[in-house]
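Working notes, structure below.
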Amino acid sequence: MVKFSLIAVAVGVALLLGAHWVSVDYLYFATYTILQFVVLATAWNILGGYCGYVNFGSAAFFALGAYSSVFLHKAFPLPVPLLIVVGGIVSGIVGLGMGYLTLRLRGSFFAIATLALAVVLATLVVNWDYVGGSRGAYIIRPESIDILGLKITYIEYLFALMLALTVIALIAARAIERSQLGFGFATIRDDELAAEACGVPTLKLKLIATTLSGAFMGMAGAPFPYYIGYLQPSSAFGLEYAVNSIAMPMIGGTTSWVGPLVGAILLGTAQQYATVTISSAVNLLIVGLMLVAFVIIAPNGIVGLVQERLRARRRQ
Amino acid sequence: MDIPFDLLLNAIMAGLLLGGFYAAVTAGVSISFGMLDIVNIAHPAFVILGSYLAYFININYGVDPILVSILMLPPFYALGAAVYQVYHVSFEKRGQDALRGLAFFFGLLFVTEVSLILVFGVDYRYVEAWYIGPSIHIGIVDLPLRMLVPCLAALALFGVIHLIITRTFTGRAIMAVSQDQLALQLMAADPIRIKRIAFGISIAVAAVAGALLIIIQPVEPSVGREYIGRVFAICVLGGLGSMPGTLIAAMLLGVVESITATFYGPSWAPAVAFGFLLLTLAFRPAGLLGR
Amino acid sequence: MTALLHVDNITKRFGGFVALDGVALEVNQGERLGLIGPNGSGKSTLVNCICGTLQNEVGNVRFDGKVMDGLSAHERTHAGLARSFQLPRPFHSMSLADNLRIPLLYTVHARQGLLRSTADLNARCHELLEMVGLAAKAHQLPRDLTQVEMRKLELARAVGAEPKLLIADESMAGLSHSEIDDILALLMRLNERGITIILIEHIMSAVMKFSQRIAVLVSGKKIADGAPQDVVRDPEVVRAYIGQ
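Chains as they are written, first to last, in the numbering used here: chain A, 1 to 316; chain B, 1 to 291; chain C, 1 to 244.
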């Protein structure tokens, strides 16, 4: 555990230094988006992959984080790292509330409720003029920022924050996977009745998972207004968040922390490349088709395919 | 608050008309989710697909949208049966994999929406027919035909489905699938075949609902998403698979939404369905008529 | 002897169907009770109500001096009530060893509040697998098991929670004579260690051999409760089993 954390932090620092050395703004913009998807996919997987509960409302939790930042930007300006914490708390609480209302019922009710959540939060935001309403809100981003006497561009600063968040999310996901909590989550995914009979407090565990998952999505969204500069409801509640945060873990593989990471890097990079060359709608269509194809043909994702291949080779 | 009586009365009437239409949109979900326990969240996408086909044929060949919807029944039935076959082979047969089944339908929803954007763009589309425009006036109540005709068509459709389910052998077999697999086997019916038929019906109904939708309001590809919360709220509130319950819940939601839109502005209306859904799940998960 | 489990006047309805109708039952510390009844007589519903999988609207369950009503299933497991399922419900994605780790982590550990070391946990898992003769398959998945092995795993997982009362719900259906003897011997050993056992079974020879006392459920009502020899001669029981 400690060893993995050290390696993850070291990789993070190496990426940071490497990017600083190259120092091309476009690279920061592009990698920020990919990292943001790694966090979203990892967060989704804590509930979806580990516990087997589908959250269709990733965009809602992401947007909650983003709009908490917009609200605080106007009401009570805070440094971005604190905004990330606040966004996490707000989305975590909403996740807990949603879970409390729906998780005692059949599993599918939770999924349906999360689908509707995005529509309702979007309605609230559209009607709330203080955060810009349907017109959207401008967030003026400073050109640069001083960190410990070192002057760096603001986009590099945001990139560094998202990188740190990614490292934290991955360490958390891996830690959960190998802990008592992770075993408990897996029993919920396999068979809830049997889990209860073995003494697993399933409702409590599911609530922990929805809270954690929602919190990480909110944290991923909190710096977004600063990144994009002008936040509209349609961009914060964008379809690409909802579909990518499901497609990435499903395509990568849902049973371990590696799957969402692999899926997010692959799909994220491909989309960054494709938006430049083809339209973003075609782009999303490809993601959707890949999602359908993978759940039918390779239900355990890329990680599952690789594991099978290795197992087959070992047997020979 | 001082509520003008004529405004309230008109809002309630409009809500009832809207509710009749909602009943038709939900009827398909009542079958797939309520009776077959298949969480087809892509249902609204099929509705919108129906809207666009009605639009395309209406604009190019001048055919009445309701007539188009009837012509679309067989192909959409076949489409539904095909989707069920894929779902069954890939998920149902492999056993307890709700997660992937849900992701599958989510993918379908998404692919349909994006495809429509690519083909038709994001502009609002509408159809032309003689009943779009004029209204009937009864006292102080205004009944726009563009609402009244779809509502009547929806209620007729709803009645036909109810008859199919309660009066035909296949319909009773569909009810049995939801309640008692053993009884079904005793009736010597193949549950997979029955489910395929039922799912086909639910998608065919979606196409008709889509044609009605584009009579009521202009449609763009993402309109379907607003209906996800709505149809599942109605379905759960109506008591999962109970047709009379669905009708009552649909009328109720229509009226509440219409009143909200009249007195607080239409931009608040989508939130109503969600509020309904959450309150239902929290307090009456067995539905309005449930025990 | 003191009563470990008191079931008092439990009634459970599903819609209009009365599955249990005022059932009362007492089980003493260390006892071996057989619970029999025709199909659909409410045996499994009774188990579900005792273990908290279903909540009964009427009646009470007291276990080990504590009121169980309103407690969820995992809380009852923590209190010392364990059960096996009629159709085995293993955790499909976990190895046999990990399957047994769950009650150890979530019940034994939670109850005693002491942190078991990994070595401790592994040793205990191995011991449980050894007890049911599955030690060689510790790292295989449940789908590799035969029917008997699956039932043994189910029992081992229930025993893993270190219960005071074990309810074995039709652990022997479909097994051969020698396999039944295997499982009976296992249950006997557990009983000798002080675990109270309720055996729910169709196979009369096994129930007669095992039980100190037999209770009979017919259409949701308890119609007999007493020494095995008396119960099987009870005319009402005979009628329920053979029909009029």
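Even glycine gets a Cβ: it sits at the ideal position worked out from N, Cα and C.
Since this is a predicted model, take the numbers as computed values, not measurements.
Is it true that the CB of Leu284/A sits closer than 7 Å to the CB of Val122/B? no
Among all the DSSP beta bridges, which residues are the ones paired with Ile200/C? Leu35/C and Asp169/C
By the criterion of Cβ-Cβ separation under 7 Å, what are the contact partners of Asn55/A in chain B? In chain order: nothing, as chain B lies at least about 10 Å away.
Please classify His43/B as buried or exposed, where buried requires at least 16 neighbouring CB atoms within 10 angstroms. buried
Does any C-beta atom of chain B lie closer than 7 Å to the C-beta of Asn127/A? yes
Quick check: Thr26/B and Ile214/B, are their CB atoms within less than 7 Å of each other? no
Please confirm if the stretch 56-64 of chain C is in contact with the stretch 141-148 of chain C, defined as three or more CB-CB distances below 8 Å between the two stretches. no
Taking His92/C as the query, report the chain A residues whose CB atoms sit under 7 Å from its CB, ordered along the chain. Asp190
Counting only C-beta atoms, is Ile168/A closer than 7 Å to chain C at any point? no
Per-residue DSSP class, three states only, for Leu118/B: helix
Since Gly92/A contacts Thr211/A with CB under 8 Å, what's their CB separation in whole angstroms? 5 Å
Closer than 6 Å by C-beta to Ala168/C: which residues in its own chain qualify, once you throw out the five before and the five after it? Chain order, please. Ser84 and Leu199
Less than 8 Å between C-beta atoms, sequence neighbours within five positions excluded: which residues of the same chain meet that for Phe224/A? Gln36, Phe62, Gly65, Ala66, Ser69, Leu231 and Ala236
Cut-off 6 Å between Cβ atoms - residues of its own chain near Ala247/A, not counting five sequence neighbours on either side: Val287 and Leu291
Tell me which residue opens and which closes the alpha helix (DSSP H) that Ser69/A is part of. Ser58 to Ala75
Any beta carbon from chain A within less than 7 Å of His74/C's own beta carbon? yes
Given Tyr87/B as reference, the closest of Pro75/B, Leu281/B, Met72/B and Leu108/B once Cα atoms are compared: Leu108/B
Helix, strand or coil: which one does DSSP assign to Ile192/B? helix
Chain C within 7 Å of Glu308/A, Cβ atoms only: no
Opening and closing residue of the beta strand (DSSP E) in which His139/C lies: No beta strand (DSSP E) holds His139/C; DSSP gives it neither H nor E.
If we ignore side chains and look at the alpha-carbon of each, how far apart do Phe4/A and Gln29/C end up? 50 Å
Between the beta-carbon of Pro233/A and the beta-carbon of Ala122/A, is there less than 7 Å? yes
For chain A, find out if any of its Cβ atoms is closer than 7 Å to the Cβ of Val83/B; answer yes or no. no
Strictly by DSSP, which residues pair up with Gly263/A? Per DSSP, none; premise fails for Gly263/A.
Between the Cα of Ala41/A and the Cα atoms of Phe56/A, Ala30/A and Leu82/A, which residue gives the shortest distance? Phe56/A
So the candidates are Gly16/C, Gly37/C, Val18/C and Val7/C; which of them puts its Cα closest to the Cα of His202/C? Gly37/C
Under 9 Å Cβ-Cβ, which residues of chain A neighbour Thr228/C? Before going further, note that residue 228/C is Pro rather than Thr in the sequence given. The premise fails here: Pro228/C is roughly 28 Å from chain A at the closest Cβ pair, so nothing lies under 9 Å.
Is Gly220/C near the ligand NAP, judged by its Cβ being under 6 Å from some heavy atom? Ligands displayed in this structure: none; no statement on the ligand NAP is therefore possible.
From the DSSP secondary-structure annotation, give me the bridge partner or partners of Arg83/C. Ile167/C
Beta-carbon proximity check, Val149/B vs Tyr126/B, cutoff 7 Å: no
For Tyr318/A, does the three-state DSSP call read helix, strand or coil? Past the boundaries of the shown model lies residue 318/A; chain A is included only from 1 to 316, so the question cannot be answered.
Within 7 Å of any Cβ in chain A, is that where the Cβ of Leu25/C sits? no
To the nearest angstrom, report how far apart Lys12/C and Leu20/C are at their CA atoms. 5 Å
Whole-angstrom distance between Val200/A and Asn56/C, CA atom to CA atom: 21 Å
Just how far apart, CA to CA, sit Asp98/C and Phe91/C? 9 Å
State buried or exposed for Met1/A, treating a residue as buried only when at least 16 other CB atoms are found within 10 Å of its CB. exposed
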